[in-house]
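Student:
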Amino acid sequence: MGSGNIYDKKISLVLQGGGALGSYQAGVYEAIAASRYCPDWVAGISIGAINAALIAGNPPEHRVARLREFWETITAPSSMWPADLKDPWSAWQKKLGGQAALMFGQPGFFTPNNLFDWLGATQPVSYYKTEELKATLERLVDFDLINHPDGIRLSVGAVNVRTARFAYFDSAEMPIRAEHIMASGALPPGFPPVEIDGEFYWDGGLVSNTPLQYVLDYMPRRSRLTFQVDVFHATGDLPTSLEEVAERQNDIRYASRTRDNTDIFAQKHDVRHAINEMLSALPEELRQLPEARRLHSFGCVTTMDVAQIIYRPFAPQGAAKDYEFTRPTMLTRWNQGLRDAIATLDAAPWLAPAEPHVGMRVFDVMHERLVAQHAANPGAQKGDSNVQPIAVKKSA
28 MGSGNIYDKK ISLVLQGGGA LGSYQAGVYE AIAASRYCPD WVAGISIGAI
78 NAALIAGNPP EHRVARLREF WETITAPSSM WPADLKDPWS AWQKKLGGQA
128 ALMFGQPGFF TPNNLFDWLG ATQPVSYYKT EELKATLERL VDFDLINHPD
178 GIRLSVGAVN VRTARFAYFD SAEMPIRAEH IMASGALPPG FPPVEIDGEF
228 YWDGGLVSNT PLQYVLDYMP RRSRLTFQVD VFHATGDLPT SLEEVAERQN
278 DIRYASRTRD NTDIFAQKHD VRHAINEMLS ALPEELRQLP EARRLHSFGC
328 VTTMDVAQII YRPFAPQGAA KDYEFTRPTM LTRWNQGLRD AIATLDAAPW
378 LAPAEPHVGM RVFDVMHERL VAQHAANPGA QKGDSNVQPI AVKKSA
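Under my numbering, the letters of the sequence shown match residues 28 to 423, in that order.
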């Protein structure tokens with residue numbers, strides 16, 4: 028894959044929240060950075076907001092390196108967690124890694140409140156402190172670059188604690204600081220709310236865990252290719268243990284009903300196209316009627332392509348998967364994101380011409396490949412060693 032954006036549409040990258048799962052997104056971006064699809068707009072929630080800030084807040088040649096530096100900073104060294112362990116040891120490693128994060132926090136990210144904080148007249152409103160995250164962001168992210176008029180647009184979502192209103196902090200509308208990124212990832216009761224201009228904000232994932240609709244609905248609309256990178260999979264197998272029940276519960280809670288939401292938006296955008304087609308068939312005198320002019324305001328001629336790249340692990344990850352920050356697991360997720368994104372970029376189904384009446388198309392290359400793989404091996408079960416990640420050759 029070459030460099031330089033020669034695609035004729037605007038390009039956006041939207042990143043879902045998901046804690047430790049976010050290293051998958053970093054791998055996806057590594058592939059995108061080496062392609063001709065350079066985003067002009069990145070949007071994220073929670074860990075997606077942090078990854079988005081690392082991308083928007085660095086020049087192109089340093090973005091992948093800064094992502095890697097962040098993920099290596101907040102994950103325990105490999106010497107503490109040996110790689111390539113087999114079950115049942117790998118399952119225990121994941122559990123211990125999650126428990127270590129709960130007990131001790133993660134370097135450069137969050138630390139537990141100490142015992143004396145809980146003994147005072149005023150108790151903390153969270154289990155952890157996030158001062159280290161602020162220092163990490165200010166070290167790795169150039170906020171002057173984010174706020175430069177020619178910089179990549181950055182949008183991050185959070186929810187107002189007092190009003191429950193969802194808010195987007197958008198570099199096209201306001202200067203972005205480290206506090207805006209921290210607010211998007213302030214998931215209670217783990218992390219404290221973040222004060223911005225006299226109001227306090229929590230993690231945007233409490234309301235919506237993906238910023239897709241904000242990007243696609245922003246006015247004025249522009250024809251756009253959006254890479255939607257999700258780390259919770261909306262569909263899954265029936266759990267067979269309490270551990271898998273807890274994992275599946277988190278998937279359902281945070282998956283944001285990805286497919287349903289995207290399908291609904293696609294239907295709405297197709298209707299916008301239909302409105303324009305209908306009005307264009309009317310005589311001029313009818314098009315000038317107030318009712319027709321009002322209807323015209325709901326129409327749209329833009330085309331939206333959404334390429335979904337969704338983390339689908341090949342074995343159960345456990346209920347602690349979103350706070351299991353061991354280095355081997357981080358690298359495994361990063362590499363899977365890299366493979367999945369390369370496969371999606373190489374397939375590039377959005378390059379096929381769209382039908383005139385279609386306002387939005389949704390592609391999921393890896394889903395289609397996995398369906399074909401399972402059809403060829405129908406006896407494979409969840410976690411079966413015969414079901415392997417699809418090998419992908421990286422483009423030159």
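Using N, Cα and C, we set each Cβ at its ideal position, and we do this for glycine too. Keep in mind that this is a model prediction, so the values were computed, not measured.
Is the Cβ-Cβ distance between N424 and G46 less than 7 Å?
Tutor: Because residue 424 is not part of the residues shown, which for the chain are 28 to 423, the question remains open.
Student: Any idea what DSSP makes of N277, helix, strand or coil?
Tutor: helix
Student: If you follow the beta strand (DSSP E) that Y64 is part of, which residue opens it and which one closes it?
Tutor: Per DSSP, Y64 belongs to no beta strand (DSSP E) and is neither H nor E.
Student: Kindly indicate the opening and closing residues of the alpha helix (DSSP H) around N362.
Tutor: 354 to 374
Student: Which partner residues does W229 have in the DSSP bridge list?
Tutor: Paired residues: V186.
Student: According to the Cβ coordinates, are A128 and Y350 closer than 7 Å?
Tutor: yes
Student: Please confirm if the region 177 to 185 is in contact with the region 202 to 210, defined as three or more CB-CB distances below 8 Å between the two stretches.
Tutor: yes
Student: Leaving out five residues before and five after G232 in sequence, what residues of the same chain have Cβ atoms less than 7 Å from its Cβ?
Tutor: G44, I72, S73, L214, Y281
Student: For the beta strand (DSSP E) that R93 lies in, which residues bound it at each end?
Tutor: That residue, R93, is in no beta strand (DSSP E); its alpha helix (DSSP H) goes 90 to 101.
Student: Using 7 Å as the threshold, is the C-beta distance between R314 and L306 below it?
Tutor: yes
Student: What's the call for G399, buried or exposed, on a 16-neighbour Cβ count within 10 Å?
Tutor: Gly is not the amino acid found at residue 399; the sequence shown has Ala there. A399 is exposed by the Cβ-count criterion.
Student: Look at G54 and W361 and say whether their C-beta atoms are less than 7 Å apart.
Tutor: yes
Student: How big is the Cα-Cα spacing for P1 and P151?
Tutor: In the structure as shown, the chain starts at 28 and stops at 423, and residue 1 therefore has no counterpart that could be examined.
Student: Quick one: what's V256 bridged to in DSSP?
Tutor: Answer is L42, I336, bridged to V256.
Student: Since E222 sits in a beta bridge, which residues does DSSP pair it with?
Tutor: F227
Student: Contact check, A273 vs A346 under 8 Å by CB: the rounded distance?
Tutor: About 3 Å separates the beta carbon of A273 from that of A346, a gap short enough to meet the 8 Å contact definition.
Student: To which residues does DSSP link M387 through a beta bridge?
Tutor: M331
Student: Can you give the Cα-Cα distance for Y270 and N277, rounded to whole angstroms?
Tutor: According to the sequence provided, residue 270 is Glu. The question's Tyr does not apply to it. So the two alpha carbons sit approximately 11 Å from each other.
Student: Of the choices G135, R248, H260, whose alpha-carbon is the least far from that of F325?
Tutor: Of the listed residues, the one whose Cα sits closest to F325 is R248.
Student: To the nearest angstrom, report how far apart A342 and S50 are at their CA atoms.
Tutor: Taking the straight line from one Cα to the other gives about 17 Å.
Student: Quick one: complete alpha helix (DSSP H) runs, 4+ long, within the region 290 to 326?
Tutor: Contiguous alpha helix (DSSP H) elements confined to the region 290 to 326 occur at 311 to 314, 317 to 323, taking only those with 4 or more residues.
Student: So D197 is in the beta strand (DSSP E); what residue range does that whole segment cover?
Tutor: 193 to 197
Student: Spatial neighbours of Q335 within its chain, please: CB distance less than 6 Å, with the 5 preceding and 5 following residues excluded, ordered by chain position.
Tutor: Q255, D391
Student: Could you have a look at P380 and say whether DSSP puts it in helix, strand or coil?
Tutor: coil
Student: Measuring straight from C-alpha to C-alpha, what distance separates P376 and V328?
Tutor: 21 Å
Student: Roughly how many angstroms separate the alpha carbons of H323 and L316, rounded to a whole number?
Tutor: 10 Å
Student: Could you round the C-beta distance between F218 and G225 to whole angstroms and report it? I think they count as a contact, below 8 Å.
Tutor: With a Cβ gap of about 20 Å, F218 and G225 do not count as contacting.
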